[in-house]
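Going line by line, the protein sequences match chains A and B. Numbers 10 to 121, taken from this note's numbering, label the letters of the first sequence in order. Numbers 2 to 113, taken from this note's numbering, label the letters of the second sequence in order. Glycine residues also receive a C-beta, built at the ideal position from the N, C-alpha and C atoms.
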Amino acid sequence: GQQLNQSPQSMFIQEGEDVSMNCTSSSIFNTWLWYKQDPGEGPVLLIALYKAGELTSNGRLTAQFGITRKDSFLNISASIPSDVGIYFCAGPRNSGNTPLVFGKGTRLSVIA
Amino acid sequence: EPEVTQTPSHQVTQMGQEVILRCVPISNHLYFYWYRQILGQKVEFLVSFYNNEISEKSEIFDDQFSVERPDGSNFTLKIRSTKLEDSAMYFCASGYPSGGYTFGSGTRLTVV
């Protein structure tokens, strides 16, 4: 089945630093989604990407849909303590009404 | 902002007992989903529901599981005879086929 591979698995950064994480797949995805999960909470959608090559920003977050449609990255600029959490990439398993496949997540820790 | 509401937030049950997890999706959404997340692992799809019937289910969603939309607002997941390995966070989500749907805060199910 389709799998999403996220790297790194975890990262520790200093407050104020920029962060980059990515997600790759052996198969093509037509949509890439980035979610953040805080402890004890459900995933919250950060950015949705619908077109190959698309670069989208949401505040300090920027994500790109890779041109091959097999990868995506998420950047966070000037990290702050509330950026702590697990970041998941996800994509629909098929086209149309379809459930999501999630990566295993990147756990981000921010040291003040 | 509209929310997906899940109750209870935490459920402890004895092995072999039946549990019902409840969700109130966002009112104008048409597609409903259950996902689960075993502690420390990725979010996994269980079942999707559209037009009052299951539209897709994963291999996890065996005969012990069932879903229902008993009225116009609630969406429930029933586990008939719980096993220890059913312990997980269960997330309800609602949205549209293009993805990026909204997740609830989850129910933590602990089977003892």
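Query raised in the report: Are the beta-carbon atoms belonging to Ser81 of chain A and Gly75 of chain A less than 7 angstroms from one another?
Result: Yes.
Query raised in the report: Is there a Cβ from chain A that is less than 7 angstroms from the Cβ of Lys58 of chain B?
Result: It does not; no Cβ of chain A falls within 7 angstroms.
Query - Cβ neighbours of Gly96 of chain B in the same chain (closer than 7 angstroms, five flanking residues each side left out) - result: Correct list, in chain order: His30, Tyr32, Tyr102, Thr103.
Query raised in the report: Does any CB atom of chain A fall closer than 7 angstroms to the CB of Phe46 of chain B?
Result: yes
Query raised in the report: Is any beta-carbon of chain B found at less than 7 angstroms from that of Pro48 of chain A?
Result: no
Query - Which of helix, strand or coil DSSP assigns to Ser16 of chain A - result: strand
Query raised in the report: With C-beta atoms as the reference, is Gln15 of chain A less than 7 angstroms away from Gly94 of chain A?
Result: Taking 7 angstroms as the cut-off, the beta carbon of Gln15 of chain A is found no closer than this to the beta carbon of Gly94 of chain A.
Query raised in the report: DSSP on Glu19 of chain B, reduced to helix/strand/coil?
Result: coil
Requested in this report: Compare the beta carbon distance of Ser56 of chain B and Ser49 of chain B with 7 angstroms and say whether it is the shorter of the two.
Outcome: yes
Query - Contact set between Lys43 of chain B and chain A, taken where Cβ atoms lie within less than 8 angstroms - result: Phe97, Phe111, Gly112, Lys113, Gly114
Query raised in the report: Is there contact here, the region 5 to 12 of chain B with the region 38 to 53 of chain B, by at least three beta-carbon pairs under 8 angstroms?
Result: no
**Report entry** Through-space distance from Val25 of chain B to Glu69 of chain B, alpha-carbon basis
**Finding:** 12 angstroms
Query raised in the report: Using the beta-carbon of each residue, which ones in chain B are nearer than 8 angstroms to Pro52 of chain A?
Result: Val44, Phe92, Phe104
Query raised in the report: Mind checking whether the beta-carbon of Pro48 of chain A lies closer than 6 angstroms to any heavy atom of the ligand ADP?
Result: The ligand ADP is absent from the structure shown, which contains no ligands of any kind.
Query raised in the report: Looking at the structure shown, is Pro101 of chain A part of a helix, part of a strand, or coil, going by DSSP?
Result: strand
Requested in this report: Can you give me the Cβ contacts of Lys79 of chain A inside the same chain, cut-off strictly under 8 angstroms, excluding the 5 residues immediately before and after it?
Outcome: Thr33, Ser34, Ser35, Ser36, Ile37, Phe38
Query raised in the report: Who are the neighbours of Gly107 of chain B on chain A, taking C-beta pairs under 9 angstroms?
Result: Gly49, Glu50, Gly51
Requested in this report: Please name the residue in B:Thr83, B:Ile27, B:Pro71 whose C-alpha comes closest to that of Phe62 of chain B.
Outcome: B:Thr83
**Report entry** Option in B:Thr111, B:Gly105, B:Tyr51 with minimal Cα separation from Glu50 of chain A
**Finding:** If we check each option's Cα against that of Glu50 of chain A, B:Gly105 comes out closest.
Query raised in the report: Relative to the alpha-carbon of Ala87 of chain A, which residue among A:Ile56, A:Gln11, A:Ser29 has its alpha-carbon at the smallest distance?
Result: The option with the nearest alpha carbon to Ala87 of chain A is A:Ser29.
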